[in-house]
Amino acid sequence: MARLYAAKGARIFLAGRQRERLDTIAQDLQVRGASAVSTYGVDFDDVAAFGPMVEACGSPDRTLIAYGTLPDQQGAEGSADLTAKALLTNFTSPAVLLNLLADRLHSGAAVAVITSVAGERGRQSNYVYGAAKGGLSRFLEGLRHRLAPKGIRVIDVRPGFVDTPMTDGMDKKGPLWAKPERVARDIEKALERRDGPIHTPWFWWGIMAIITRVPARIFHKTKL
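Positions 1 to 224 (full-length UniProt numbering) are the ones given, in order, by the sequence shown.
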């Protein structure tokens, strides 16, 4: 996403945990055409740090919130700490950040937040992660309602399987896997034109339409 906007000559604000990596990315984006790149080091589990970060960010025209973890479901089932941390990173943290950011957005602005198709129906294989993402989707629904009168669009980005470091260790073969560049193009288009939820790649809309409509008596016999 940052590379796409750098090619347009955008001014970019990057926030993340790894300060040295942020600096390296910033230099790359300037070479790619960004008019200016600012960086801000922050641990997104530290919600107390969000106020100063949002102040430094200002009032962005386009915002992408794209962080999270993929917890081990079986580990979380037996650990209160793992469950609590997964919910903090994947739901509580972005919800707190969005409420702070919303007060600074102007008419015509758009914010995209990466949730997941996992949030559309609870499944035994990842319901801790799915619950966090599902809760975030509902939060975005309410935020969209709040900001619509101000002319601010809120996009709920629901990817399927994406080849990123978060999914390292998984078998990434098959037609359901997408590259980050594909997802980034879909998000960019949505930020310029859309409101509400999007699925990326597009075919996940059909897959989830089926999964969410399977009767419980049948669904509970599956291993999904």
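Virtual Cβ for every residue (Gly too), placed ideally from N, Cα, C.
Element boundaries [beta strand (DSSP E), containing residue i]
i, result
"Arg104", "No beta strand (DSSP E) contains Arg104, which DSSP labels as neither H nor E."
"Ile114", "110-114"
"Val47", "That residue, Val47, is in no beta strand (DSSP E); it is neither H nor E in DSSP."
Proximity test, Cβ basis, 8 Å: residue i and chain B
i, result
"Glu55", "Absence of chain B from the displayed structure is noted, only one protein chain being present."
For residue i, three-class secondary structure by DSSP
i, result
"Ala10", "coil"
"Ala66", "coil"
"Ser79", "coil"
"Ile152", "coil"
"Gly16", "strand"
"Ala34", "coil"
"Pro159", "strand"
"Thr222", "coil"
"residue 248", "A query on residue 248 cannot be resolved here, the shown segment of the chain reaching from 1 to 224 and no further."
Whole-number beta carbon distance between residue j and residue i, since they are thought to touch under 8 Å
i, j, result
"Ile114", "Ala48", "Not confirmed; about 23 Å, so no contact."
"Ile207", "Arg121", "Incorrect: roughly 11 Å between the Cβ atoms, too far for contact."
"Met53", "Ala184", "Actually they do not touch by this definition, with Cβ atoms about 23 Å apart."
"Val117", "Pro159", "7 Å"
"Asn90", "Leu136", "7 Å"
"Pro149", "Ala178", "Not really, about 34 Å apart at Cβ, beyond 8 Å."
"Gly41", "Arg17", "7 Å"
"Leu88", "Pro71", "So it is not a contact: roughly 11 Å between Cβ atoms."
Enclosing alpha helix (DSSP H) for residue i [first to last residue]
i, result
"Gly196", "Element bounds for Gly196: not the alpha helix (DSSP H) but the beta strand (DSSP E), 196-200."
"Val54", "50-57"
"Pro180", "180-193"
"Lys133", "127-147"
"Ala216", "216-219"
"Gly206", "204-211"
Environment of residue i [buried if 16+ CB atoms lie within 10 Å]
i, result
"Ile155", "buried"
"Pro175", "exposed"
"Thr63", "buried"
"Phe203", "exposed"
"Gly196", "exposed"
"Val111", "buried"
"Leu98", "buried"
"Ala76", "buried"
"His199", "buried"
"Gly108", "exposed"
"Gly51", "exposed"
"residue 272", "The shown model of the chain, from 1 to 224, leaves out residue 272, and the question about it has no answer."
"Lys133", "buried"
"Pro180", "exposed"
"Ala84", "exposed"
"Pro165", "exposed"
"Ala95", "buried"
With a threshold of 8 Å, are at least 3 pairs of Cβ atoms found where one atom belongs to the segment 93-112 and the other to the segment 143-163?
yes
Can at least three beta-carbon pairs, one atom from the segment 65-80 and one from the segment 18-26, be found at a separation below 8 Å?
no
Are three or more beta carbon pairs between the segment 116-128 and the segment 166-173 nearer than 8 Å?
no
Can we say the segment 34-41 touches the segment 5-18, given the rule of at least three CB pairs closer than 8 Å?
yes
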